[in-house]
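A quick write-up on the structure given underneath.
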């Protein structure tokens, strides 16, 4: 099968990113855009733009019927869902199957297998990959028992979602009931699913993930990424490969991720997320993301592949062109997510109109963005303005390049977190590499944040 | 009304016919490869041993890696290699075992379709190559019926060849290869029918150069007469002494009611890319050709004609081109009418050039002509002129070449080089000067990206880099102003 016209059911920088690869491959693009995005860069780059509804994403970017209808109207033979929104939605994938449209992503049953955290953990366990000790809880009693068994402190999480929503940290039995109630309410509101599970809280952990690519039969990994720099479980800085881990541990992670994906006969691009327990020097399975990730460019930088191109190739039914040994890793890459957030005021979102946008250029510097002077940052969606990715021969060179590139990155009109990144990249602990997930909190506490 | 497929020759034959095979680098090919793969071509004429040699010599690029990378980028479209008998890159005839390794490596690196042809129309030699290629694992082998005009090359001659090819299990298809663009629509009608009758179910393709503007019409005749695949080129790599323009052929085929299942948008993107590349690299675009009756006499294909013109230009003797072409006719007759397909146009043209610029005819004779007269390339279609033969064979060099040892088998060749080198490297080292292969290997990793629109900017930057530091550089044109100012502030310079 050859895909000739792809509908992009997304917005912002990822829509632009997907369009650019399609253009390079000679594939026409149809952008499914909300009313708020009809003047966006993606809308201007796409061959066709179809309005799929009002700004509110539940009526547009989350509206399966509107998206499938747009694919029909635009005569697209495939849908690329990007990340977020409906990217891992089984209903969209199933609707595509029914409509005879190619869904650029894993098969419905694979989305099912990894979309639900408990199912994903069960599958991981079968493939030999253990999660953080814990389990589903249906009652307070059950939660008490399980927490005592795995040891305090514990984390309460939502089965139906991610991104930190519905998550609660509990240090003793007395606070369990209230935390459960809060988590269930938030989970219900965010994901329409109040079910919860608990797991052991790891005091010093790193978020490390392995990029995998499968064609439904063969699976290869494209190395590790470290995404430990997070604020409220939202990643801000990512790097590849993950620094300061032993090669033995890294190889084990690669192997575990590939074994898991093989167990699923995985087709497409996926990320197996691990929690590296710094004190125990071991890792647990967290979850698998069955889509392209925001931070995919750091992987592209070190392995030289275009991951969107690979997604399309696999969706076209082609076998992987690469064997594991063909994948060569070169140097070190870092990505900073530039958000329209007033970081000195508790990261308050800062929608508005960009008056000036100047991006750094040069060898080993890449900016993925949908922003230019005059662009509007609507209040309805996430605040990502763009991603600055640098690639150096080693981590020291990459850090140095990032420092310089950030100083040449200019956005005015909306508040940004550029100055936070500039401070962070100069931080001594960051410079050493391999910070844990609590680092950013410490960094922000230690005078790196002007008091409002 | 027929369903017609297209094979594109832009990268190999188009490039060779119009740009002397110098046109393409690996990044230039890779940057358009995914789009070419989506057009829906039956196959791409991708490389030849000459083309591989140019990659090493001119671009310091590994031709094997080029094949591998192109294969990875174009999984839907078979890539074709065109060979001539027992040659690889150099003019020397190679040992059969050596050629087997060549074919094995081509297949292993990603070539799946092969052209077999023999300039002397020696079917035995051609089928022997086909057998070796099949053994290497090729999925499609297509035999050339090389078209020319002479008393012996009538329809019955080609029908007889076709009959022999159709019986071989190692030949999957055949094509009428008209490297000089001599086929008229009238002759196409009788020739195609005669050949098809003998081929039976074996598909027939047509490859006819535009040299004197005949092929556009011949292709339409061919479509009516059951030819399945028409070989074309894209944008500036079509016309001139190359093949007909894909977009024009598609439009004409549809005009006559035929169906062509290709993606017109992708095809237009390919043509546009080559046009931008030609402009950026200052390469000439092929133009529609006028009918030239005299050409039917000398029959020199486009690529060789371009080379000959360039050689004359280097000697500041451009004005002697018509004389050389006249001399080509004479030399070809004296040499027994070799069919004008690689390597013979090069050999005949070089000899014609020597005859014109030298003090006397055959005063200077290339080793290749001596080898030809000695019969090292096979048996000429008609005997070589007796006087010319005597003259050539009386040269002392003829005795040396007559005593030339037979080509070495690969295991002997291997002893000449550093132990442990790969087959790919062995084949290049055996066929090319060591310093050229060394320079290629020292060239570093192959680049992947090329954007024709960026070339003027790179050129500007390269030129600026060569100049002594200028404090201020300003480029101004309507609606555009570009300023560069030197500064002591590092950060500002980086900006």
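Chains as they are written, first to last, in my numbering: chain A, 1 to 452; chain B, 1001 to 1495.
Heads up, the beta-carbon is just placed ideally off N, CA and C, and yes, glycines get one too.
Please classify residue i as buried or exposed, where buried requires at least 16 neighbouring CB atoms within 10 angstroms.
{"i": "residue 1372(B)", "result": "buried"}
{"i": "residue 363(A)", "result": "exposed"}
{"i": "residue 1422(B)", "result": "exposed"}
{"i": "residue 197(A)", "result": "buried"}
{"i": "residue 126(A)", "result": "exposed"}
{"i": "residue 1245(B)", "result": "buried"}
{"i": "residue 168(A)", "result": "buried"}
{"i": "residue 132(A)", "result": "buried"}
{"i": "residue 1184(B)", "result": "buried"}
{"i": "residue 1337(B)", "result": "buried"}
{"i": "residue 1028(B)", "result": "buried"}
{"i": "residue 1042(B)", "result": "buried"}
{"i": "residue 1469(B)", "result": "exposed"}
{"i": "residue 1456(B)", "result": "exposed"}
{"i": "residue 180(A)", "result": "buried"}
{"i": "residue 1013(B)", "result": "buried"}
Using a Cβ cut-off of 9 Å, pull out every chain A residue sitting near residue i, in sequence order please.
{"i": "residue 1074(B)", "result": "Residues of chain A passing the Cβ test: none, with the nearest at roughly 10 Å."}
If I'm right that residue i touches residue j with Cβ under 8 Å, what's the distance once you round it to whole angstroms?
{"i": "residue 1345(B)", "j": "residue 1304(B)", "result": "4 Å"}
{"i": "residue 1063(B)", "j": "residue 1084(B)", "result": "About 17 Å separates the two Cβ atoms, so there is no contact after all."}
{"i": "residue 1370(B)", "j": "residue 1119(B)", "result": "That pair is no contact at about 17 Å."}
{"i": "residue 1531(B)", "j": "residue 1123(B)", "result": "Look at the range of chain B in this structure, 1001 to 1495, and you will see that residue 1531(B) is not part of it."}
{"i": "residue 1193(B)", "j": "residue 1225(B)", "result": "6 Å"}
{"i": "residue 102(A)", "j": "residue 315(A)", "result": "5 Å"}
{"i": "residue 1145(B)", "j": "residue 1163(B)", "result": "So it is not a contact: roughly 11 Å between Cβ atoms."}
I need the straight-line Cα distance from residue i to residue j, nearest angstrom please.
{"i": "residue 1121(B)", "j": "residue 1158(B)", "result": "10 Å"}
{"i": "residue 399(A)", "j": "residue 432(A)", "result": "10 Å"}
{"i": "residue 1199(B)", "j": "residue 87(A)", "result": "53 Å"}
{"i": "residue 249(A)", "j": "residue 209(A)", "result": "12 Å"}
{"i": "residue 1252(B)", "j": "residue 1243(B)", "result": "15 Å"}
{"i": "residue 1277(B)", "j": "residue 1268(B)", "result": "14 Å"}
{"i": "residue 1189(B)", "j": "residue 1095(B)", "result": "40 Å"}
{"i": "residue 1348(B)", "j": "residue 25(A)", "result": "43 Å"}
{"i": "residue 450(A)", "j": "residue 1075(B)", "result": "Because residue 450(A) sits at a pLDDT of 49, beneath the cut-off of 50, its placement in the model cannot be relied upon, and the point is left open."}
{"i": "residue 1247(B)", "j": "residue 1234(B)", "result": "7 Å"}
{"i": "residue 534(A)", "j": "residue 397(A)", "result": "There is no way to answer for residue 534(A), as the model of chain A reaches only from 1 to 452."}
{"i": "residue 199(A)", "j": "residue 154(A)", "result": "6 Å"}
{"i": "residue 1360(B)", "j": "residue 1090(B)", "result": "28 Å"}
{"i": "residue 1314(B)", "j": "residue 1020(B)", "result": "15 Å"}
{"i": "residue 1412(B)", "j": "residue 1425(B)", "result": "15 Å"}
{"i": "residue 118(A)", "j": "residue 1102(B)", "result": "55 Å"}
{"i": "residue 1478(B)", "j": "residue 1280(B)", "result": "22 Å"}
Just to make sure I have the definition right: I need the residues of chain B whose C-beta is within less than 9 Å of the C-beta of residue i. Which are they?
{"i": "residue 4(A)", "result": "1038, 1263, 1265 and 1266"}
{"i": "residue 318(A)", "result": "1075 and 1076"}
{"i": "residue 321(A)", "result": "1071, 1072, 1073 and 1075"}
Within the same chain, show all residues whose beta-carbon is closer than 7 Å to that of residue i, passing over the 5 residues directly before and after it, in chain order.
{"i": "residue 1141(B)", "result": "1114, 1116, 1130, 1133, 1134, 1170, 1171 and 1172"}
{"i": "residue 59(A)", "result": "53"}
{"i": "residue 36(A)", "result": "55, 378 and 380"}
{"i": "residue 1220(B)", "result": "1252 and 1256"}
Can you find the residues in the same chain that come closer than 6 Å, C-beta to C-beta, to residue i, ignoring five residues on each side of it along the sequence?
{"i": "residue 106(A)", "result": "267, 268 and 290"}
{"i": "residue 17(A)", "result": "368"}
{"i": "residue 408(A)", "result": "360"}
{"i": "residue 1492(B)", "result": "Here residue 1492(B) scores only 46 on pLDDT, less than 50, and its place in the model should not be relied on; the value that follows carries that caveat. Hits under 6 Å: none found."}
{"i": "residue 1325(B)", "result": "1298"}
{"i": "residue 1250(B)", "result": "1260"}
{"i": "residue 104(A)", "result": "78, 80, 311 and 315"}
{"i": "residue 1002(B)", "result": "1223 and 1258"}
{"i": "residue 92(A)", "result": "64 and 86"}
{"i": "residue 1483(B)", "result": "1474"}
Name the chain A residues that come within less than 7 Å of residue i, Cβ to Cβ?
{"i": "residue 1269(B)", "result": "26"}
{"i": "residue 1035(B)", "result": "25 and 26"}
If you drop the 5 nearest sequence neighbours on each side, which residues of the same chain put their C-beta closer than 8 Å to that of residue i?
{"i": "residue 1436(B)", "result": "1056 and 1057"}
{"i": "residue 1254(B)", "result": "1260"}
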